[in-house]
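In my numbering, the protein residues as written are 44 to 179.
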Ligand code: T46
C-alpha cells in the first residue's frame with residue numbers, strides 16, 4: 044500500500060487565559076534546522092500559487108491565520124489537504140509538486156525552510172517534474 048503524501052506535524056500550543064502561543068522548535072515541531080522563513084499573505088481572491096516542486100528543499104508550512112488548500116503530487120498520485128490551524132504544520136519534502144488554492148482573504152501561510160532561496164532548486168514545469176521523478 045502506498046503511503047500518504049500528507050505529512051502533518053502537531054505544533055505545541057500554550058494557550059491560557061491571555062490567548063494562544065504556538066512553538067516550532069528544533070527537536071519539537073521542526074524536523075530540520077531552519078535557514079529561511081517566509082510568509083504568504085494578502086493573497087487576492089481566486090488566486091492560486093505554487094505550481095512547482097523542489098529538488099532538495101524541505102519545508103514546514105503553517106497556516107497561522109485563515110485557511111488554504113494544498114494540492115500535492117508525487118508524479119503518480121495527487122492528494123489535497125486544507126490547512127486552517129496554527130496547531131498543525133504540513134511538511135513538504137523534495138520531489139513533491141505543490142499547488143496552493145482557495146486562500147481565505149485573511150490567510151497567512153508561514154513557511155520554514157531548511158535552505159536559503161535558490162531558484163535552481165525549483166522545477167516549475169509539471170512535465171519536467173514528472174520526468175524528474177520517474178528518472179530518479
Ligand atoms: C514554495 C511555496 C509554498 C524570493 O526572492 N525569496 C524567497 O525566499 C521566496 C520564497 C521567493 N522569492 C521570490 C521569487 C519570486 O520572484 O518571490 C517571488 C514569488 O515566489 P514564488 O512565485 O515562487 O511564490 P509561490 O507562492 O508560488 O511559492 C512559494 C515559494 O517560492 C516556494 O518555495 O514551496 O511558496
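Cβ atoms here follow ideal geometry from the backbone N, Cα and C, with glycine treated the same way.
These figures come from a predicted structure and were not determined experimentally.
* Is residue 50 near the ligand T46, going by C-beta to nearest heavy atom under 7 Å? -> Counting from one through the chain shown, the residue named residue 50 turns up at place 7. No, Cβ of residue 50 sits at least 7 Å from all heavy atoms of the ligand T46.
* 6 Å Cβ shell around residue 165 - same chain, five flanking residues per side excluded -> For the purposes of this step, residue 165 is identified with residue 122 of the chain shown, where counting begins at 1. So the qualifying residues of the chain are 95.
* **Length of the line joining the Cα atoms of residue 127 and residue 171** => As a working mapping, residue 127 is identified with position 84 in the chain shown. As a working mapping, residue 171 is identified with position 128 in the chain shown. Those two C-alpha atoms are separated by around 31 Å.
* To do: Keeping to the same chain, check which residues put their C-beta closer than 7 Å to that of residue 157; ignore five residues upstream and five downstream.
  => The residue labelled residue 157 in the question sits at position 114 within the chain shown. Here the set comprises 75, 76, 77, 78, 100 and 101.
* Coarse secondary structure for residue 78, derived from DSSP in three states -> For the purposes of this step, residue 78 is taken as residue 35 along the chain shown, with counting starting at 1. In the structure shown, residue 78 sits in coil (DSSP, three-state: anything other than H, G, I, E or B).
* What first and last residue would you give for the beta strand (DSSP E) that runs through residue 114? -> Here residue 114 corresponds to residue number 71 of the chain shown, with the count starting at 1. It spans 111 to 116 - the beta strand (DSSP E) in which residue 114 sits, taken as one unbroken run.
* **Residues that DSSP places opposite residue 108 in a beta bridge** => If you number the chain shown from 1, residue 108 lands on position 65. Residue 108 is bridged to 151.
* Asked: In whole angstroms, what separates the C-alpha of residue 89 from that of residue 54?
  -> In the chain shown, residue 89 corresponds to position 46, counting from 1. In the chain shown, residue 54 corresponds to position 11, counting from 1. For residue 89 and residue 54, the distance between alpha carbons rounds to 29 Å.
* Could you pull the start and end residues of the alpha helix (DSSP H) that residue 173 belongs to? => On the chain shown, residue 173 is found 130 positions in, with the first residue counted as 1. Its alpha helix (DSSP H) spans residues 169 to 178.
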